[in-house]
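Asker:
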Amino acid sequence: MADVTKKARGFIAEFKEFINRGNVMDMAVGVIIATAFGKITTSLVNDVVMPAIGYFFGGTDLSKLNIILKPEVIDEVTKEVLEPAVAIGIGTFLTTIIDFLLVALVVFCVIKVMNSAKDKMEAMKKKEAEAAAEEAADPEPSAEEKLLMEIRDLLKEQQKQ
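Note that my numbering has the sequence shown beginning at 54, numbered continuously upward.
What follows is the structure in C-alpha cells.
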C-alpha cells in the first residue's frame, strides 16, 4: 500500500513539474491566440470575402448556397413544416475551405519568417565562430616574446646609426 502511495506522490510531483514548465504555458497562450485568430479569419471570410465573391457571382449569398436533395414538406392549411428539407450546405463548405486556406496562408508566412530569422541567426553565429577561430589562430604574444621583439627593434635601430 505504501508503494502505491509513493508512486502516486511521484506521479503528482512529476505532473506539477510538467505544468509549471514554460512549454505548457506557451501552449496555453498559443491556443488562446489561435482561438481569437480563428474568430478573426472566420469573420473575414463570412463578412468580407464571401459577400465580395457573391457580388461577383450575381449578388447571391454563397454561404446560403445549398443543393436541395429533398424539399421541405409544408402543411397547406397550417403552414407548418411537416418534414424539413434535406440539403447539402455547399456554401458553408466553401466558406470553411476559404477560412482554412487563409489560416494556412498566415501560418505559412509566420513559419517562413521564423525560418528566415533562424537562418540569419545561424549565419551570424557561424561568422562569430569563424572570427573567434581566427583570433585563436593568431594568439597574442607572451610577455617574453614582446620583450624579445623590443630588443630586436632596439638592435635594428642601433645598427642604422
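By construction, the Cβ of each residue, glycine as well, lies at the ideal position given by its N, Cα and C atoms.
Does DSSP put L158 in a helix, in a strand, or in coil?
Answerer: Three-state DSSP puts L158 in a helix.
Asker: Taking a contact to mean a Cβ-Cβ separation below 7 Å, would you say T148 touches S96 in this structure?
Answerer: No, Cβ-Cβ distance for T148 and S96 is not below 7 Å.
Asker: With V134 as the anchor, note down where its alpha helix (DSSP H) starts and where it stops.
Answerer: Note, V134: premise wrong, no alpha helix (DSSP H); beta strand (DSSP E) at V134 to E136.
Asker: Label M82 either buried or exposed according to how many other C-beta atoms from any shown protein chain fall within 10 Å of its C-beta, with 16 as the threshold for buried.
Answerer: Sequence inspection shows Val at residue 82; the Met mentioned does not correspond to that position. Its Cβ having fewer than 16 others within 10 Å, V82 is exposed.
Asker: Is the beta carbon of T113 closer than 7 Å to that of D152?
Answerer: Going by C-beta atoms, D152 is not nearer than 7 Å to T113.
Asker: In whole angstroms, what separates the C-alpha of M103 from that of G91?
Answerer: Those two C-alpha atoms are separated by around 16 Å.
Asker: When you compare the CB positions of P124 and A138, do they come within less than 7 Å of one another, or not?
Answerer: Cβ distance < 7 Å, so P124 and A138 count as in contact.
Asker: Starting from the N-terminal side, write out each stretch of the alpha helix (DSSP H) that is 4 residues or longer and does not extend beyond the region 81-123.
Answerer: The region 81-123 contains these whole alpha helix (DSSP H) runs: 103-109.
Asker: Go ahead and pull the three-state DSSP assignment for V139.
Answerer: In this structure, V139 counts as strand in the three-state DSSP scheme.
Asker: Can you tell me whether DSSP reads V126 as helix, strand or coil?
Answerer: DSSP places V126 in strand when its eight states are reduced to three.
Asker: Less than 7 Å separating the beta-carbons of V134 and I127?
Answerer: Cβ distance < 7 Å, so V134 and I127 count as in contact.
Asker: When DSSP labels each residue in this structure, what does S169 get in the three-state scheme?
Answerer: The answer is helix: DSSP assigns S169 an H, G or I state.
Asker: Check whether the Cβ atoms of L118 and I143 sit closer than 7 Å, and answer yes or no.
Answerer: Cβ atoms of L118 and I143: closer than 7 Å.
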